[in-house]
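Single-structure report; data block below.
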Amino acid sequence: MSADHHLGEGPQPDLWTVAPLKARAVRPHYHGHRDRLRERAAGALANLPDYELLELHLFRSISRGDVKPLAKALIARFGSLAGTLAASPAELKSVAGVGEAVALDLKLLHEITLRIGRQALAKRTVITSWSQLLDYVKIALAHEPREQFRVIFLDKKNQLIADEIMNHGTVDHAPVYPREVMRRALELSASAVILVHNHPSGDPTPSNADIEMTRQVVEAGRSLRIAIHDHLVVGRDGVASFRALGLF
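Residue numbers for the sequence shown follow this note's numbering, so the first one is -18 and each next one is one higher.
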């Protein structure tokens, strides 16, 4: 029996042409997806959904493979794109597929966003840039998993001197010491401050403890002629202003 008989009758395929056919057959479904996404993004980033924007950013730290599932998992875990960027490095790394490089890249993007917001307020009168201030504090605090107490220090023209974190707390409490707020205001030669803290529950409604603490800071500032322009409580559901609510 001839060798040709074992292979079957008729012309046999060249092995050099079979190999590329097999390679094409096992290509992953996402083959070429990165290039297609980049093409769609060119000139039309604003039209992309959040998970695809996150995908594009993940390309920086994950050079190969399909990152769409990871982008979607991050947004599902933290509730939104903003929530993903606000998560701590440890929280980010709790998601399968996120290592040190990915966590650092995401926190880098968050810090850049915060600095852009802060620069928009710098050298401008904060009181007349109220919408920018609200946008900034929402980016900074709306998705923080624990309470954080910040103070925005202003000069006599109500321009930004500094925005500083005075204390971190638990999921429902951040201790505030009025004397520390005033001491720092004097160090910075601030004429006024805006108090800011977040409610991780999402509801920005001021609590009785918030109201009492604000009263103490106002009293401490009065004797030093340091004005308390407002106290903003930030939550995922919005921002509550003590002044707008008539609380002082």
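We put the beta carbon where it would ideally sit given N, CA and C, even for glycine. Remember, it's a predicted structure, so these values are computed and weren't measured experimentally.
Close-in-space but distant-in-sequence residues of the same chain around residue i (CB under 8 Å, 5 per side omitted)
i: H38; result: D86, L87 and L90
i: R196; result: F229
i: I120; result: A63, T94, L95 and G98
Beta-carbon proximity list for residue i, same chain, < 7 Å, skipping 5 on both sides
i: I192; result: L228
i: S222; result: D211 and L213
i: D218; result: G183, D184 and P185
Selected residue, minimal CA-CA separation from residue i, among the options
i: A225; options: R131, P187, A67 and N28; result: P187
i: L234; options: D16, A68 and T195; result: Outside the shown range of the chain, which is -18 to 229, sits residue 234, and nothing can be said about it.
i: S232; options: H124, H149, R165 and A57; result: Residue 232 lies beyond the range of the chain shown here (-18 to 229); nothing can be said about it.
i: R165; options: L205, R196 and K138; result: L205
i: D136; options: F130, D144 and R127; result: D144
i: R131; options: K138, S110, P159 and R203; result: P159
i: H149; options: R127, S75 and I133; result: R127
i: V79; options: Y32, E92 and A52; result: A52
i: A82; options: L18, I43 and A54; result: I43
i: I142; options: Q100, D116 and A57; result: Q100
DSSP three-state assignment for residue i, whether helix, strand or coil
i: H178; result: strand
i: G98; result: helix
i: A221; result: strand
i: I120; result: helix
i: V79; result: coil
i: N189; result: helix
i: I43; result: coil
i: H91; result: helix
i: E128; result: coil
i: G227; result: coil
Extent of the continuous beta strand (DSSP E) to which residue i belongs
i: G60; result: Counting along the chain, G60 falls outside any beta strand (DSSP E), and DSSP gives it neither H nor E.
Residue-level contact to chain D via CB, residue i, 8 Å cutoff
i: Y32; result: Considering every chain present, this structure includes no chain D. It has just one protein chain.
C-beta atoms of residue i and residue j nearer than 8 Å
i: P185; j: V157; result: no
i: M147; j: A201; result: no
i: I133; j: V174; result: yes
i: L29; j: L62; result: no
i: S170; j: I207; result: no
Check: residue i C-beta below 7 Å from any heavy atom of the ligand NAD
i: F223; result: The ligand NAD is absent from the structure shown, which contains no ligand whatsoever.
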